[in-house]
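Colleague:
There are 2 protein chains.
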Amino acid sequence: MIERIKLDKESNIPLYQQLYENIRSIIEEENLDGEKLPSIRTLSKSLQVNNVTVVNAYKQLETEGYIYKVPGSGTFVRKPVYNLETSSMEEGDMELMISGIFPLLKDSIDFATVSPTPELFPIEEFKQSLIEVLDRDRGMAFLYPEITGYGPLRESISKFLIDNYSIDVNKEQILITSGGQQGLDIISKTLVTQGDTILVENPTYPGAFSAFKSRGARIVGLPLESDGINLDLLKGYVKRYNPRFIYIMPNYQSPTTISYSKEKMKELLRMAKEYDFYIIEDDFLTDLSFEGNKKLPLKTYDRNDNVIFIKSFSKIFMPGVRIGFMTIPGKLFKELIKAKHSTDISSSGYLQRAFDLYLRKDFWKSHMDTIINDYYEKYKLMKEELDHLSHFGLSYKDPKGGLSIWVELPKSWDSMNLYEECSKRKLAIVPGKVFFIDNESFDNYIRLSFSAVTKDEIKKGMNILKEILSHSKLDKIDTYMPFL
Amino acid sequence: MIERIKLDKESNIPLYQQLYENIRSIIEEENLDGEKLPSIRTLSKSLQVNNVTVVNAYKQLETEGYIYKVPGSGTFVRKPVYNLETSSMEEGDMELMISGIFPLLKDSIDFATVSPTPELFPIEEFKQSLIEVLDRDRGMAFLYPEITGYGPLRESISKFLIDNYSIDVNKEQILITSGGQQGLDIISKTLVTQGDTILVENPTYPGAFSAFKSRGARIVGLPLESDGINLDLLKGYVKRYNPRFIYIMPNYQSPTTISYSKEKMKELLRMAKEYDFYIIEDDFLTDLSFEGNKKLPLKTYDRNDNVIFIKSFSKIFMPGVRIGFMTIPGKLFKELIKAKHSTDISSSGYLQRAFDLYLRKDFWKSHMDTIINDYYEKYKLMKEELDHLSHFGLSYKDPKGGLSIWVELPKSWDSMNLYEECSKRKLAIVPGKVFFIDNESFDNYIRLSFSAVTKDEIKKGMNILKEILSHSKLDKIDTYMPFL
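Order-wise, the sequence lines are chains A and B. Take this note's numbering: the final residue in the first sequence is number 490, and no numbers are missing along the way. Take this note's numbering: the final residue in the second sequence is number 490, and no numbers are missing along the way.
Laid out in structure tokens, this is it:
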């Protein structure tokens with residue numbers, strides 16, 4: 007590059023300034039990423055200028071981020087920023103989109119993500135707990151807690167379980183996790199080895215699917231009826247595949263929103279005992295009931311330690327706290343804590359202490375009342391609006407709780423077509439495809455969530471949907487014609 | 007149980023009280039864990055007492071935690087607490103002990119764990135940041151952050167990297183993790199499949215070993231010389247095994263405390279480029295130098311994106327924050343964020359925001375000065391004390407940084423013998439065995455850490471060690487005689 011540098015020693019512009027501008031243009035015009043610049047001595051010598059001139063030019067380039075120094079090695083050109091947003095979305099990235107890895111279109115109405123509304127977060131109460139822990143525990147708050155979790159928090163959770171769900175699990179059988187997803191990851195590490203068969207509801211939560219898949223599991227889906235999985239089919243599959251566990255969401259299942267009947271729960275537990283498999287119960291919405299009588303988890307009825315109960319507080323408290331827990335069957339104790347340890351040593355001790363105080367101070371109940379009231383209003387509104395679209399052939403089963411509605415489209419439609427039309431008009435929805443085990447096939451379902459939108463946005467979004475339904479052709483045959 | 011209940015209707019003791027005491031004794035004497043109690047109706051009928059008598063007795067039993075109700079199902083006996091501390095330590099649990107799963111003996115002097123001293127934690131400064139984030143961001147602070155991490159934190163870390171290590175990595179190439187261990191877990195999920203060969207230093211960090219092992223990797227160890235692994239051997243292994251990556255700790259390696267020479271670092275990078283493998287650089291101590299000139303990571307010299315740099319702040323900041331990061335090679339971007347997502351969705355957004363503020367406010371430098379001064383004093387003291395034991399045949403290579411010393415014992419000794427003698431006298435040390443890939447064999451090394459003890463404790467601990475060395479027989483042959 008030295009040969010390209012042109013300095014005018016007669017000019018009024020200081021030499022170091024000229025030199026700086028020369029090098030900057032060269033960097034901008036050529037692909038010099040990571041390349042080493044000539045040393046100060048070499049450059050000053052070949053340009054016949056003072057050392058200080060080069061030093062000053064380099065200093066300015068460094069300040070502006072064009073170059074950087076490595077002590078003992080020299081000066082290098084900085085690499086330009088790699089921009090995620092310019093990388094286009096490929097086939098198979100649907101899951102990433104849903105998971106929020108690819109951000110939604112800006113200014114779109116978000117019926118897609120099941121994120122709770124930040125306005126409903128109990129910031130003041132939690133702040134009290136956060137500060138109190140700092141004043142009370144000082145440096146201790148930031149040490150490694152026990153791997154199973156901060157003892158007093160496991161105690162409060164044991165109390166939470168008996169008070170809220172009549173679940174009798176003592177603190178030694180509780181493992182604090184960094185959110186519910188980590189529970190799934192730890193289960194996978196402990197119970198899944200290459201080639202194992204795992205039974206799941208179909209459709210199901212893709213995050214669970216990928217945790218099991220990543221361990222090399224073969225995944226077999228169980229279709230859902232209005233009161234849970236088909237138990238006759240389950241029996242057949244259990245005999246045939248001898249699965250280590252089945253993975254289910256007994257209350258407000260995602261995405262179908264169905265809840266298991268108490269009879270089915272009990273029969274399922276009977277089968278788990280008879281055929282000796284674990285049931286992974288993923289619970290993130292049980293508390294969000296819009297009916298008078300509260301639902302109870304499957305774990306409540308488990309007398310034989312067959313159920314591993316995974317609880318996430320992300321949807322009913324705040325996702326950014328990343329604290330959840332799981333129950334530990336005695337037989338798996340050591341294996342599970344070893345897996346937790348090799349996953350992230352332990353979850354943040356500070357947040358565990360603060361969440362413990364929050365639970366002990368009984369802030370919980372009033373928080374639940376607040377959010378249930380708020381979500382109930384949105385739920386009613388979305389149902390009302392959906393009912394106005396029934397003549398297009400849309401239908402749904404009333405979830406009576408949770409944060410979304412699972413809408414069935416006419417059989418001839420492909421949900422991807424509707425998804426694409428919605429995207430064009432800045433309405434984010436989730437096509438059913440994402441949740442089905444065999445997601446190569448067509449499906450005619452969409453999931454609409456009301457948790458991350460205002461009432462006003464619900465109305466606007468539903469209007470957009472109505473427009474699309476009135477004017478677009480959504481049959482599968484239309485789109486796929488070119489391939490016929 | 008009904009037949010065992012004896013009530014005295016003539017007594018002055020109220021009937022409900024008698025009934026309560028009867029049932030309590032039965033529960034205490036018999037193994038009724040989880041069993042269902044008779045319904046109130048059944049019991050009152052067969053005992054010929056009033057319903058209210060049974061209700062009151064059950065109420066008292068419930069208050070005292072003996073029984074609990076499940077709505078719609080009945081009343082059950084609570085299970086007694088399962089106590090981890092009563093479960094004895096088995097062979098193969100050494101790693102758990104080291105990891106702190108099995109708590110150290112109470113009142114022991116702790117030369118075992120490499121935990122930083124809580125008195126040195128910058129609580130006041132971090133508290134400022136924690137509160138400022140709450141006031142500034144309110145509910146937003148507790149939403150899911152981007153999967154790669156909170157944008158501004160990735161920016162501050164990019165700046166941290168260039169300022170501290172002359173590492174030029176922009177924010178899009180940084181993935182925030184829940185501590186360094188999670189970096190290893192994510193790497194394993196992305197790069198290790200069943201049967202792959204991974205090269206590691208031998209001895210090495212057992213947490214890495216178990217993360218790779220859990221994915222079914224075959225692990226091959228590379229012996230360490232005083233300036234890093236033997237490169238000739240590495241070359242042979244690379245050709246033979248074609249490993250996807252090698253895992254190393256170039257500065258203050260754990261447990262040997264050796265640091266790689268700059269020449270070896272550069273040669274290693276050359277080989278990584280030529281033979282196309284990744285180098286996982288695990289960095290948790292680079293900053294803790296007790297020499298004048300600061301060490302630089304291997305990543306500083308990496309021009310070809312061959313190094314995945316994993317940084318833990320647990321030892322130099324506070325472990326309970328659980329925030330670390332790793333750099334992402336462009337080619338692995340999607341796979342790594344998918345793995346992060348299925349691991350725990352994202353790390354706590356709140357702590358990420360607070361740590362970002364902490365870094366931006368330049369609290370970092372003065373914190374580092376404080377801890378380096380403090381650890382330097384302890385390091386000097388432990389070395390002095392060790393030097394007094396050299397006539398027993400103990401030797402070590404001066405680490406010149408870090409938080410522990412790797413002590414070589416006479417060749418004829420087995421470190422497990424010394425470990426056991428120390429345990430008896432309440433001195434916790436780590437036997438070398440834990441760190442060797444093939445940990446079935448004898449070894450004659452121990453690791454002594456000075457991070458979690460006071461100066462006074464260092465003196466006391468070294469006195470205990472001296473006593474043991476003066477009076478105990480530690481040769482392997484002695485202990486294993488019975489099996490000959």
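Each residue gets a CB set at the ideal place from its N, CA and C atoms; glycine is no exception.
1) Taking 9 Å as the CB-CB cut-off, is residue 493 (chain B) touching chain A?
2) Count the other CB atoms, across all protein chains shown, that sit within 10 Å of the CB of residue 368 (chain B); report buried if there are 16 or more and exposed otherwise.
3) Give me the Cβ distance between residue 262 (chain B) and residue 230 (chain B), rounded to the nearest whole Å; I'm assuming they're in contact under 8 Å.
4) Quick one, are the C-beta atoms of residue 25 (chain B) and residue 55 (chain B) less than 9 Å apart?
5) With distances taken between CB atoms, is the gap from residue 3 (chain B) to residue 182 (chain B) smaller than 9 Å?
6) Using 10 angstroms around the beta-carbon of residue 107 (chain B), count the other beta-carbons present and answer buried if the total reaches 16, otherwise exposed.
7) Run through DSSP, which three-state label would residue 453 (chain A) get?
8) Rounded to the nearest angstrom, what separates residue 36 (chain B) and residue 44 (chain B) at their Cα positions?
9) If we call anything under 9 Å between Cβ atoms a contact, is residue 116 (chain B) one with residue 463 (chain B)?
10) Say whether chain A places a C-beta atom closer than 9 Å to the C-beta of residue 76 (chain B).
11) Below 8 Å CB to CB, which residues in the same chain sit around residue 13 (chain A) once its five sequence neighbours on both sides are set aside?
12) In three-state DSSP terms, what is residue 325 (chain A)?
13) Which runs of the alpha helix (DSSP H) at least 4 residues long sit entirely within the region 139 to 217 of chain B? Give them in chain order.
14) When DSSP builds the beta bridges, which residues end up paired with residue 333 (chain A)?
15) Give the interface partners of residue 324 (chain A) over in chain B, defined as CB-CB distance under 7 Å, in chain order.
16) According to DSSP, residue 81 (chain B) sits in a beta bridge with which residue or residues?
17) Run the CB neighbour count on residue 276 (chain B), radius 10 Å, all protein chains shown included, and call it buried at 16 or more, exposed below.
18) I'd like to confirm the pairing. Which residues does DSSP put opposite residue 414 (chain B) in its beta bridges?
19) If you run the structure through DSSP and keep just helix, strand and coil, what is residue 229 (chain A)?
20) Leaving out five residues on either side along the sequence, give the residues of the same chain with a beta carbon under 8 Å from the beta carbon of residue 206 (chain B).
21) Any C-beta of chain B sitting closer than 9 Å to the C-beta of residue 481 (chain A)?
22) Around the C-beta of residue 69 (chain B), are 16 or more other C-beta atoms found within 10 angstroms, so that it is buried, or is it exposed?
23) Can you tell me which of A:331, A:51, A:77 puts its alpha carbon nearest to the alpha carbon of residue 157 (chain A)?
24) Using the rule of at least 16 other Cβ atoms within 10 Å of the residue's Cβ for burial, across every protein chain shown, is residue 169 (chain B) buried or exposed?
25) According to the neighbour-count rule (16 or more other Cβ atoms, all chains shown, within 10 Å of its Cβ), is residue 358 (chain B) buried or exposed?
26) Is the CB of residue 369 (chain B) under 9 Å away from at least one CB in chain A?
27) Based on Cα-Cα distance, which residue from B:379, B:321, B:198 lies nearest to residue 297 (chain B)?
28) Helix, strand or coil for residue 242 (chain B) per DSSP?
29) For residue 82 (chain A), which residues in chain B fall below 9 Å Cβ to Cβ?
30) Under 9 Å, do residue 361 (chain A) and residue 329 (chain A) count as touching if we go by C-beta distance?
31) Taking the Cβ atom as the reference point for each residue, do residue 305 (chain B) and residue 171 (chain B) lie within a distance shorter than 9 Å?
32) Using the beta-carbon count (16 or more within 10 Å), is residue 300 (chain B) buried or exposed?
33) On a CA-only basis, which of B:457, B:123, B:163, B:396 is nearest residue 366 (chain B)? Give me that one, please.
34) So is residue 373 (chain A) in contact with chain B if we call contact Cβ pairs under 9 Å?
35) Could you check the C-alpha separation between residue 384 (chain B) and residue 390 (chain B) for me, to the nearest Å?
36) What residues in its chain sit with their C-beta under 7 Å from that of residue 455 (chain B), if we drop five residues either side in the sequence?
Modeller: On the basis of the data shown:
1) A question about residue 493 (chain B) goes unanswered here, because the residues of chain B that appear run from 7 up to 490.
2) exposed
3) 5 Å
4) yes
5) Given that chain B is displayed from residue 7 to residue 490, the structure contains no residue 3 (chain B) and the question cannot be resolved.
6) The predicted position of residue 107 (chain B) is uncertain, since its pLDDT is 44 and thus under 50; a value taken from the coordinates is nonetheless stated next. The residue in question, residue 107 (chain B), is buried, as its Cβ has 16 or more Cβ neighbours within 10 Å.
7) strand
8) 16 Å
9) yes
10) yes
11) The beta carbon of residue 13 (chain A) sits closer than 8 Å to those of 21, 24, 25, 28, 53, 55, all from its chain and outside the five residues before and after it, given in chain order.
12) helix
13) 157 to 171, 186 to 197
14) A:180
15) 148
16) Answer is B:75, bridged to residue 81 (chain B).
17) For residue 276 (chain B), the number of other beta carbons within 10 angstroms of its own is below 16, and it is reported as exposed.
18) B:401, B:451
19) strand
20) 214, 215, 218, 225, 226, 227, 228, 252, 253, 254, 443
21) no
22) Its Cβ having fewer than 16 others within 10 Å, residue 69 (chain B) is exposed.
23) A:331
24) With fewer than 16 other Cβ atoms within 10 Å, it is exposed.
25) buried
26) no
27) B:379
28) helix
29) 172, 174, 309
30) yes
31) yes
32) exposed
33) For the options B:457, B:123, B:163, B:396, the alpha carbon positioned closest to that of residue 366 (chain B) is the one of B:163.
34) Look at residue 373 (chain A): its C-beta is not under 9 Å from any C-beta on chain B.
35) 10 Å
36) 117, 118, 119, 120, 409, 410
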